[in-house]
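Q:
Numbering (full-length UniProt numbering), first residue to last: 1 to 255.
Take a look at the structure:
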């Protein structure tokens, strides 16, 4: 039995970050799928692992680890395998800068748009009373607010507009940065690329007017390079919803 168990949803965004890190390091782990659309992350058996009710979570022996980016760094340091942090101090700073930018700036905006388009319409099909009971089980008050907004489509026009602005700015910043080097934060593939890809993989599909081979050739080159890695293919094979089909946009010769 594997010493490591990863509790995750689909192999993208927060769940995909530690999952791909484990696979790139060659670490064997037990995959425990948590169906976010069924609110599995708020059931007692999962709350016993992570009382905050957020995913992913990882156990390594008796240790319980939460917060996806912190888990990525833990995996890189705790296990042998390819080094995913550069040696140069400035490059390591750049890795952490980009991961913080992704987590605190871009991810909330992508989540708002994604929840409005994908999560909300699916979850709304459930019985209203059952749905409200599931929302009330969410431990964190701010998450209850976000879920209600996503489910009922009540993000304001101003909130959506600000998210779109941030996404557009982020796309431009990624394009400029990836014109400087092969990978996002250094001359070698690593944690910044894993973090960024799991957030940005579907940008060509969701933002076709902003991200395409003509306007963002550097970003598309990078997305395709990450997508071509064997660990990425293996990671995405663990997906169970139609969301996994979105990454196939990168199979196209021209976007």
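C-beta: ideal position from N, C-alpha, C; glycine also.
1. So, is residue 202 buried or exposed, given that buried needs 16 or more other C-beta atoms within 10 angstroms?
2. The beta strand (DSSP E) spanning residue 63 covers which residue range?
3. Got a sec, what are the start and stop residues for the beta strand (DSSP E) residue 58 sits in?
4. Got a sec, what are the start and stop residues for the beta strand (DSSP E) residue 152 sits in?
5. Apart from the five residues just before and just after residue 134, which ones in its own chain have a Cβ nearer than 6 Å to its Cβ?
6. When we look at the beta-carbon of residue 153 and count the other beta-carbons within 10 Å, is it buried (16 or more) or exposed?
7. For a test of the three-state rule: what should DSSP assign to residue 33, helix, strand or coil?
8. Based on Cα-Cα distance, which residue from 187, 109 and 190 lies nearest to residue 155?
9. I'd like the list of long-range same chain contacts for residue 219, defined as Cβ closer than 8 Å, with 5 residues on each side in sequence excluded.
10. Return the chain-ordered list of same chain residues with a C-beta closer than 7 Å to the C-beta of residue 115, the five sequence neighbours on each side being excluded.
11. Which of the three DSSP states is assigned to residue 238 in this structure?
12. Let me confirm a value: residue 169 is counted as buried when at least 16 other C-beta atoms fall within 10 Å, else exposed. Which label applies?
13. May I ask you to report which of helix, strand or coil DSSP gives residue 189?
14. For residue 185 and residue 126, what's the separation of their Cα atoms in angstroms?
15. Do residue 73 and residue 85 have their beta-carbon atoms positioned less than 9 Å apart in this structure?
16. Excluding the 5 residues flanking residue 223 on each side, which residues of the same chain have their C-beta closer than 6 Å to its C-beta?
A: Quick look at the numbers:
1. Within a 10 Å sphere around the beta-carbon of residue 202 sit 16 or more other beta-carbons, which makes this residue buried.
2. Element bounds for residue 63: 63 to 66.
3. Annotation: the continuous beta strand (DSSP E) that includes residue 58 extends over 57 to 60.
4. Counted as a single uninterrupted DSSP element, the stretch harbouring residue 152 is not any beta strand (DSSP E) but the alpha helix (DSSP H) occupying residues 141 to 152.
5. Here the set comprises 39.
6. Here residue 153 is exposed, its C-beta having fewer than 16 other C-beta atoms within 10 Å.
7. Strand at residue 33.
8. Nearest option by C-alpha distance: 109.
9. Contacts found: 171, 174, 175, 178, 200, 203 and 211.
10. Within the same chain, Cβ atoms closer than 7 Å to the Cβ of residue 115 are found at 150, the five residues on either side in sequence being excluded.
11. Residue state, collapsed to three classes: coil.
12. It is exposed - the Cβ of residue 169 has fewer than 16 other Cβ atoms within 10 Å.
13. Secondary structure at residue 189: coil, using DSSP grouped into helix, strand and coil.
14. CA-CA distance, residue 185 to residue 126, rounds to 43 Å.
15. Cβ distance < 9 Å, so residue 85 and residue 73 count as in contact.
16. Around residue 223: 250.
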